[in-house]
Amino acid sequence: MEIEILCTKLIKPFLPTPPHLQHYNLSFFDQISEKEHVPIVLFYANNNFINNSTIVERIEQSISKILTHVYPAAGRYDKDECSILCLDQGVSYTKAKVNCKLDNFLEKTRKDLSLASLFWPHVNKNIDKTNLMVSPIVTAQVTVFECGGLAVSLSGSHPAMDGFSYFKFVFECAKVCKMETPVEKINFLSFNLGNIFPTRDISRLFKSTYTPIIHQDIIVKKFVVREAAMSRLRKKCIDESCGALTFQPSRVEIITAFLWRAFIGASAIINGYVRPSLMYFPLNLRFKSSLPQVNNSMGNFRIDVPIKFVPRETKMKLHHFIILIRDTVNKVVASCNKASPDEIVSTLVNIYNESDSSPEWGGNDEVDKVMFWLYDTDIHSEVGVQLDLKEIYMQLFECDDDIKALMFIRNANL
97 MEIEILCTKL IKPFLPTPPH LQHYNLSFFD QISEKEHVPI VLFYANNNFI
147 NNSTIVERIE QSISKILTHV YPAAGRYDKD ECSILCLDQG VSYTKAKVNC
197 KLDNFLEKTR KDLSLASLFW PHVNKNIDKT NLMVSPIVTA QVTVFECGGL
247 AVSLSGSHPA MDGFSYFKFV FECAKVCKME TPVEKINFLS FNLGNIFPTR
297 DISRLFKSTY TPIIHQDIIV KKFVVREAAM SRLRKKCIDE SCGALTFQPS
347 RVEIITAFLW RAFIGASAII NGYVRPSLMY FPLNLRFKSS LPQVNNSMGN
397 FRIDVPIKFV PRETKMKLHH FIILIRDTVN KVVASCNKAS PDEIVSTLVN
447 IYNESDSSPE WGGNDEVDKV MFWLYDTDIH SEVGVQLDLK EIYMQLFECD
497 DDIKALMFIR NANL
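What follows is the structure, given as structure tokens:
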């Protein structure tokens, strides 16, 4: 399978950015976000009603229209790395073709999910932490399959946008492409986070933190939790709680608790004892603070809530993990609910310093890092799960009877 680059160019805003908007301030939350480009790739079967050249042209036009509204996405980070110069420098765009059919490719991804990364924007191959802040803030690529199917990939620079604003950007691009929305009617984000949460001298705020060694022998696996399996799991944990579970747990809480408990169990098998575990639970702070003006803001407004499992303090029943997750998240939400911007920053700094400073929670070289992702599938009653695990963990997972009962693997738009 070979991908041939047909052209590379810059897509600029449909209308020029006015002078008073040419300097966009990043926020404190942008400042502390991960320094990485985050790509997504979407695969589409051939649409026999519209030819490919028309679709590709409409995709390019929709990006250009969106950039008129989301003007920082077409800019570049300033030298101070605390702002974006919005001079319509443009989104890096690549058009390509591949010598295979979409169905054949999707079949191959069942065995090797990493193949999807071949369709990420071509320019991303040259972007890393050393040059992220001088690279385009958004990159895009459209790749045409032999059958007429498409791979559409967009990638956003994390210091400029979190998952909320990034997926709003992607969703609105698709909406504009489909509906051919006039540029003057595009208005879905605000750009005020940098004024409400200005950047700070973070060297004075955060203690030095330890970053666990990320092993390279990571295996990626996707599966689906179907509605029937979800219902059985919910009923089981409620019944086993004997009234201790006083609320109806969400799908995210149940699956997160289930997987976390399984990770701890696998670690106990590998290490010979149950180890403490620290899970970071991503929480979008929009609609959870006393600041309604930031509910649709571009940028980063989130916190990774640290949730601590301590052996002998938390029991291994599923409902104990669910209660631990709910209580810890609720405490953070309550602390931000009526807080001022300065108080929200102070809360975040205290949480991170407390969780990262103790050797028990990451201050040594024996830390195993695992990641998992939850998201909607094309069938909204189901939940898609992606596991990024070391091989030894994946082997234990695939042999776990509880995990096997939960997993369902199918060809799906995950």
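Taking the numbering used here, I'd label the letters of the sequence shown as residues 97 to 510.
Just so you know, even glycine gets a beta-carbon here, dropped at the ideal spot from N, CA and C.
Under the three-state reduction of DSSP, Y167 is assigned to helix. Of the candidates K318, H415, G244 and N121, the residue whose Cα lies closest to the Cα of N144 is G244.
Looking at the backbone, the Cα of I440 and that of P402 are separated by about 16 Å. Apart from sequence neighbours up to five positions away, the residues of its chain that approach S129 with a beta-carbon distance below 8 Å are H254, P255, D258 and N396, ordered along the chain.
Counting only runs that start and end inside the stretch 209–273, the beta strand (DSSP E) elements of at least 3 residues fall at 234–240 and 246–253.
Take M97, set aside five residues on each side of it, and the residues of its chain with a beta-carbon closer than 6 Å to its own are C196, in chain order. Minimum Cα-Cα distance from A192 among the listed residues D400, N227, A170 and T239 corresponds to T239. Ranked by Cα distance from S210, the first of V137, H116 and N291 is V137. Each of K318, Y262, P437 and V348 was checked against the Cα of A169, and the nearest Cα belongs to Y262. For M503, DSSP records no beta bridge to any residue.
Looking at the DSSP output, R172 bridges to L181. Its chain contains G252 and H254 as the residues whose beta carbon lies nearer than 6 Å to that of V134, once the 5 sequence neighbours on both sides are disregarded; these appear in chain order. For F319, DSSP records a beta bridge to V481. Residue pairing from DSSP places R398 in a beta bridge opposite N380. Taking 8 Å as the upper bound for CB-CB distance, I151 and F265 are not in contact here, some 19 Å apart.
Sorting D484, Y471 and N392 by C-alpha distance to the C-alpha of D313 places D484 at the top. Around the beta-carbon of P232, 16 or more other beta-carbon atoms lie within 10 Å, marking it buried. The C-alpha of S393 is placed about 40 Å away from the C-alpha of K411.
Within the same chain, Cβ atoms closer than 6 Å to the Cβ of Y189 are found at K105, I107 and A236, the five residues on either side in sequence being excluded. Within the DSSP bridge table, the entry for K191 names C103 and V238 as partners. Using a Cβ distance threshold of 9 Å, V166 and L285 count as a contacting pair.
Going by C-alpha positions, R322 is about 11 Å away from D472.
By the neighbour-count criterion, in which 16 or more other beta carbons inside 10 Å mark a residue as buried, F319 falls on the buried side.
When DSSP reads this structure, K486 sits in a beta bridge with I314.
The three-state reading of DSSP puts T410 in strand, counting E and B together. Sequence-distant Cβ neighbours of V428 in its own chain, meaning closer than 6 Å and more than five residues away, are V401.
In the three-state scheme derived from DSSP, where H, G and I count as helix and E and B as strand, K404 is classed as strand. Annotated three-state conformation of P135 is strand, per DSSP. As a beta-bridge residue in DSSP terms, W469 pairs with Q482.
The bridge partners DSSP lists for P294 are S123.
Counting only residues of its own chain and dropping the five nearest sequence neighbours on each side, N121 has a CB closer than 6 Å to the CB of S179 and G290.
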